[in-house]
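Counting with mature numbering (1 follows the signal peptide of the UniProt record, and there is no 0), you get residues -23 to -1, 1 to 444 for the letters of the sequence shown.
Just so you know, even glycine gets a beta-carbon here, dropped at the ideal spot from N, CA and C.
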Amino acid sequence: MAPPLLSPLSTLLLSWVFLSVQSQSSTSAITTILLPRSNNRFSVTDYGAIGDGNHYDTQSIQAAIDDCSVAGGGLVRFPGGNYLTATIYLRSRVVLEIEKGATILGGTSLSDYPRESRKWYVVLAENATDVGITGGGVIDGQGLEFIERVDPRKNVMVSWNSTGDCYGDECRPRLVGFIDCRNVKVWDVRLTDPAYWCLHIVRCQNTSIHDVSIYGDFNTPNNDGIDIEDSNNTFITRCNIDTGDDAICPKTSTAPLFNLTVTDSWIRTKSCAIKIGSASWFNFEGLTFDNITIVDSHRGLGFQIRDGGNVIGITFSNIKISTRYYDPSWWGRAEPIYVTSCPRDLNSKVGSISDLLFVNVSAVSENGIFLSGCKGGLLSNLKFINVNLTYRRWTTFMDGLIDYRPGCRGLVNHSIAGIVMEHIKGLEIENMNMRWSDGHTRQWNNPLDFMPSTVNDISLLNFHSGL
Ligand SMILES: *[C@@H]1O[C@H](CO)[C@@H](O)[C@H](O)[C@H]1NC(C)=O
Ligand SMILES: *[C@@H]1O[C@H](CO)[C@@H](O)[C@H](O)[C@H]1NC(C)=O
Ligand SMILES: *[C@@H]1O[C@H](CO)[C@@H](O)[C@H](O)[C@H]1NC(C)=O
Ligand SMILES: *[C@@H]1O[C@H](CO)[C@@H](O)[C@H](O)[C@H]1NC(C)=O
Ligand SMILES: *[C@@H]1O[C@H](CO)[C@@H](O)[C@H](O)[C@H]1NC(C)=O
Ligand SMILES: *[C@@H]1O[C@H](CO)[C@@H](O)[C@H](O)[C@H]1NC(C)=O
Ligand SMILES: *[C@@H]1O[C@H](CO)[C@@H](O)[C@H](O)[C@H]1NC(C)=O
Ligand SMILES: *[C@@H]1O[C@H](CO)[C@@H](O)[C@H](O)[C@H]1NC(C)=O
Ligand SMILES: *[C@@H]1O[C@H](CO)[C@@H](O)[C@H](O)[C@H]1NC(C)=O
């Protein structure tokens, strides 16, 4: 059955005027972070590291790092081997050079980590300048050792919440953290199997992450790829992220986030591939995503704005997406694009989202796009240019729910549609092609589904929907 082109709606205003579109050239001018050059090289084996994977090499590694920093900086080398370690602290002007064939293995007992849970990382740089990690080797969090019970839907993980320093079931160590750092560079390294978040950038200025591959178990919760929090000028390129939880996740908790650029990357996740929020206390401004391929993910490009911060000026260009349903215990409803703002709870403030551009996007997905502002938290000035959407069901998970989580209205029954829209002011669609290849199984009621009286200033140019 061919869905009707448009459902009749009082608030819909079609203007078939030509839109002037700035052909935005991809803004992927990657600022190169230059670390100071130094010929100093300190090998952890010279400091007694054994690298047999059984014996802890923590003290040798730390001594090499400390001496390197005191000597003015340089490289701390890890020759081939498996270096089991408790938390190691990266110092200013030190770059870890984990060579091909070398692996830093994070410890799996609570005693391997410092007292405060906020410092639970295998590698932690705090308040450091000119720091980096490279070398072609691996940092491995041994996350599988933190599985309390294997569950094919979602593993149940150990929680170190009995320490009292953190609550709930999310008390596990992260893999690599840079907190309050300047000039950070992570490149040519593989980060694998974190017990919790993988690479965490907090309140940093000038960070470059390139040619990094991240792997997390697909059934393990909270093993996010890269979490960028309250940081400015972050550049991510040529990364490959394959993990269970959110892959690239900008958040604001204590300060705004400016200038994040992500290009030329590949993502697979059982959650959201690019997720802005949900921690969103301060503004997000100047984020650019270009040339990204998202495969078999539970959600593609997502905004969960819940705490009062605003989002201003985000561009997504040249993005290929495929999204599908997974077990509902994982967040996501197979939406290729999901833009929501609503107050998390009764005490939360409302944030708005404005000036989003989606250009050259193609998606194959089991659900439509969801664009949902709220009273006092409008979505404004959204543009979709050159967008191909193919809708099809191929898994047997239930559909017909729209998802306001976390908080807000939770899950709400609603028939599936090409784009569901509410509380929007200013939406331009130019060159959109919706294809429906799902005649027999399910009913997609509308290509465009406007919640009554909440969507204004719509312009459609060359919009097509059909089988
Ligand atoms: C979108 O794709 C077209 C055709 O491939 C290309 O000419 C244009 O530069 C692209 N736009 C952006 C913003 O990348
Ligand atoms: C951070 O580093 C700077 C410069 O080295 C120092 O002055 C400052 O006290 C440090 N702050 C903290 C919280 O360690
Ligand atoms: C501690 O974590 C476990 C899950 O591992 C959870 O069942 C329990 O409720 C948590 N306890 C507290 C006090 O947060
Ligand atoms: C990022 O820039 C904003 C605006 O200038 C500033 O308020 C914030 O402190 C900066 N963040 C960091 C980590 O420097
Ligand atoms: C960040 O990089 C820019 C451009 O290279 C430079 O001007 C600025 O001083 C750097 N900021 C910090 C805090 O190092
Ligand atoms: C963000 O980038 C712009 C353009 O490069 C620059 O002018 C601005 O200072 C940057 N913002 C921050 C907070 O670093
Ligand atoms: C897009 O990114 C991929 C890596 O994911 C790269 O191979 C390709 O060359 C990039 N395309 C462009 C046009 O830069
Ligand atoms: C959309 O499909 C048309 C027709 O197949 C194609 O010419 C165009 O390049 C596609 N655009 C994108 C962004 O994939
Ligand atoms: C959705 O509707 C079904 C019945 O069709 C009902 O069982 C279910 O509880 C409803 N879910 C929600 C979230 O309202």
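Residue i Cβ short of 7 Å to ligand 5 heavy atom set
i    : result
Q281 : no
R159 : yes
Q36  : no
For residue i, three-class secondary structure by DSSP
i    : result
V161 : strand
L425 : strand
D304 : coil
T240 : strand
K402 : strand
S257 : strand
E122 : helix
K297 : strand
H441 : strand
C249 : strand
Y33  : strand
A340 : strand
G285 : coil
Q420 : coil
D376 : coil
N16  : coil
Residue i: CB within 7 Å of a non-hydrogen atom of ligand 6
i    : result
F261 : no
N209 : yes
N287 : no
F235 : yes
beta-carbon residue i near ligand 8 non-hydrogen atom, thresh 7 Å
i    : result
V389 : no
N439 : no
beta-carbon residue i near ligand 7 non-hydrogen atom, thresh 7 Å
i    : result
F339 : Per the sequence shown, the amino acid found at residue 339 is Ser instead of Phe. No, since every heavy atom of ligand 7 falls outside the 7 Å radius drawn around the Cβ of S339.
T270 : yes
Contacts around residue i, its chain only, beta-carbon distance under 6 Å, and the 5 residues preceding and following it disregarded
i    : result
S136 : D146, C148
S349 : T317, E399
W174 : R151, D201, D204
M428 : E399
E343 : R301, Y302, A311, R370
Contacting residues, own chain, Cβ-Cβ under 7 Å from residue i (five flanking each side not counted)
i    : result
W258 : T229, S230, D284, G285, G286
P56  : S20, T22, E76, A79
Residues of its chain near residue i, where Cβ-Cβ distance is below 8 Å and the 5 sequence neighbours each way are ignored
i  : result
S5 : Bear in mind that a pLDDT of 39 at S5, under 50, signals an unreliable position, so the model cannot answer this.
Proximity test, residue i beta-carbon vs ligand 3 heavy atom, cut-off 7 Å
i    : result
Y145 : Residue identity check: residue 145 is Gly in the sequence provided, not Tyr. G145 Cβ: within cutoff of ligand 3.
- Query: Using 8 Å as the Cβ pair cut-off and three pairs as the minimum, do the region 31 to 38 and the region 55 to 67 touch?
  - Reply: yes
- Query: At a cut of 8 Å, does the region 155 to 162 reach the region 104 to 113 through at least three beta carbon pairs?
  - Reply: yes
- Query: Is the region 373 to 388 touching the region 400 to 414 in the sense that three or more CB pairs, one from each, lie closer than 8 Å?
  - Reply: no
- Message: Taking contact to mean 3 or more Cβ pairs, one atom from each stretch, closer than 8 Å, check whether the region 315 to 330 and the region 264 to 272 are in contact.
- Response: no
- Is it a yes or a no for the region 288 to 295 touching the region 214 to 232, going by three-plus beta-carbon pairs under 8 Å? no
- Message: Below 8 Å, how does it come out for the region 199 to 210 and the region 230 to 247: are there three or more Cβ pairs, yes or no?
- Response: yes
- Item | Segments of 3+ residues assigned as beta strand (DSSP E) that fall wholly inside the region 45 to 109 | If you keep only unbroken beta strand (DSSP E) runs of at least 3 residues inside the region 45 to 109, you get 51 to 55, 58 to 62, 65 to 67, 71 to 75, 79 to 83, 98 to 103.
- Message: Taking 8 Å as the cut-off, does the region 308 to 323 touch the region 338 to 353 (at least 3 CB pairs, one atom from each stretch)?
- Response: Yes, the region 338 to 353 touches the region 308 to 323.
- Query: Enumerated in chain order, which unbroken segments of the alpha helix (DSSP H) with a length of 4 residues or greater are wholly contained in the region 164 to 205?
  - Reply: For the region 164 to 205, not a single whole alpha helix (DSSP H) run of length 4 or above is found.
- With a cut-off of 8 Å, do at least 3 Cβ pairs link the region 354 to 361 to the region 378 to 388? no
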